[in-house]
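Numbering-wise, the working numbering comes out as the position in the sequence shown, counting from 1, plus 1.
Every residue, glycine too, gets a C-beta built ideally from N, C-alpha and C.
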Amino acid sequence: MKEISSLIQNTSLTKTQKIIANFVLSSLSDASFMTSTEIALALGVSESSVVRFSRALGFDGFIEFQKSLRQEYQNTVLSISSSVTVPAQRVSKSARLESSAESIRRHYKNVTQNLEAALERNSAARFSEAARILSSSKRKYIAASRGNTCLANYALLYLKHMLPHVENTASTSITPFDHMCSMTKDDCLLIFSFPRYSALDKITLELALESEAKIILITDSEDAQLAPHASVVLTAPINSNLFFNSFVGAQFVLEALLDVVSRNAKGVEKRLKKIDRYLEQIGTY
C-alpha cells in the first residue's frame, strides 16, 4: 500500500474529507490509535464521513485504513532517519526500539524503501549525462571521505576496467588537492557525499569548480550542501534503523551508473581479459 500522504495527495477529496486528511497528516501519532468515532468527535464531523474518507483513499473501510495508518506511524518512529547523524545518538535511539529479530526485519524494510526511492528519484537522462561526462573527460577523479570511501573504491575498481585515467583521491599519504592540482576543464570529479558531511569534500569540490571541471555528485538529497555546484546530481536516501548509514540505495545508484558507462565504453573486454590473465598468476579465479 502506498503511503497515506501519497494517497491523500492523489485523491479528489470533499471539503469535509480534506479536514480529516489534514488531521491525519498533522497528528499521525494520535490518529493512528483513534477509532472512527473518536476522530469524528475530535473534528466535529460524522462517523460516516470518516468511513467514506477511508474508502475514498482506496481502503475497504476504516479498519483497513487504521491498520495502514498504524504501520506508517510505526515506520516513522522506528526508522532512524539521516537527520540523526551522530552515531552515539543513533545507538542510543536504536537500543530502545526493538529486539534483534525485529531490527533485522526493520532494516530490510528500510533498505527496500531506500532502493525504491533511489529508483524513483533518478531519471535515465541523469544517468546518461553522468556517464557521458565520465566517458568524455580526459581524467576522472573520484573523491569521498570516511565511510563513503567504500563507494569510491568500488567506483575506482570498475571504472578502471572501462575507462583510462581514473584516479581515486583518497589516500593516507597525500590529500585530494595533491591529486587534483593539475585538474583542468577537460577533467571531471565523481564525488560521494553523505551525512555526516565533510568539510574535506566541500573543499575538494571547490578545487574542481576553480578548475572548471565537470562534477558528478552522488548524495542523499537534492538539498545537500554540495548539490547546487554539481553538473549532475544523483541521489539515494541512506535512512537506517542502525547507528550507521545504509548505503544500499547509494550502491544501487553507483551500479546503475557503471552499467550505463559500460554500454558505451570501448575496449572493456580487452582490458578484462588482460587483467584476468595476470589474476590467474596470483591465484585469483
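Please check if any C-beta of chain B sits within less than 8 Å of the C-beta of I134. No chain B is present in this structure, which holds just one protein chain.
Compare the C-alpha of V46 against each of A22, S27 and S28 and name the closest. A22
Local conformation of C182 per DSSP, three classes: coil
Which residues in the same chain have their Cβ closer than 7 Å to the Cβ of A57, if we skip the five residues on either side of it in sequence? T12, L14 and Q18
Three-state secondary structure (DSSP) at S199? coil
Measuring CA to CA, which of Q67, S49 and L44 is closest to E4? Q67
Complete beta strand (DSSP E) runs within the segment 96 to 184 (minimum length 3 residues, chain order): 141 to 144 and 167 to 169
Residues in the same chain with beta-carbon distance under 6 Å from M2, minus the five sequence neighbours each way, listed in chain order, please. Note that M2 has pLDDT 42, beneath the 50 cutoff, so the model's placement of it is unreliable and the number below is only indicative. Same-chain partners within the cutoff: S69.
Looking at the structure shown, is S241 part of a helix, part of a strand, or coil, going by DSSP? strand
Measure how close the beta-carbons of A212 and V112 come, nearest whole angstrom, since I'm counting them as under 8 Å. According to the sequence as given, residue 212 is Ser; it is not Ala. 37 Å between Cβ atoms; not a contact.
Distance cut-off 7 Å: S69 Cβ against heavy atoms of the ligand GTP: In the structure shown, the ligand GTP is absent, as is every other ligand, since no ligand is present at all.
Measuring only the C-alpha atoms, how far is S194 from A145? 7 Å
Can you tell me whether DSSP reads V249 as helix, strand or coil? helix
Three or more C-beta pairs below 8 Å linking the segment 114 to 127 and the segment 224 to 243: yes
Spatial neighbours of L258 within its chain, please: CB distance less than 6 Å, with the 5 preceding and 5 following residues excluded, ordered by chain position. F128 and A131
Note down, in chain order, each residue of its chain lying with its Cβ closer than 8 Å to the Cβ of L164, except the 5 sequence neighbours on either side. L135, S136, K141, V262 and A266
H162 and V269 closer than 8 Å at C-beta: yes
Taking the straight line between their C-alpha atoms, what separation do you get for D277 and S55? 60 Å
Are the segment 166 to 173 and the segment 209 to 228 touching by the rule of at least three beta carbon pairs closer than 8 Å? no
Looking only at C-alpha atoms, which of L273, H166 and E48 sits nearest to T38? E48
Which word fits P229, buried or exposed, when buried means at least 16 other C-beta atoms lie within 10 angstroms of its C-beta? exposed
Under three-state DSSP, which class holds L227? coil
Measuring only the C-alpha atoms, how far is N115 from L44? 35 Å
Tell me the rounded alpha-carbon separation between K271 and K139. 20 Å
Assign F273 to buried or exposed, taking buried as 16 or more other Cβ atoms, counted over all protein chains shown, within 10 Å of its Cβ. Note on residue identity: the sequence assigns Leu, not Phe, to residue 273. Exposed is the call here.
Apart from the five residues just before and just after V52, which ones in its own chain have a Cβ nearer than 7 Å to its Cβ? S37, G62 and F63
Integer-rounded CB distance, given that L206 should sit under 8 Å from L227: 5 Å
Simplified DSSP state of L259, which is helix, strand or coil: helix
For Y198, which residues in the same chain have their Cβ closer than 7 Å to its Cβ, ignoring the five residues on either side in sequence? Q226
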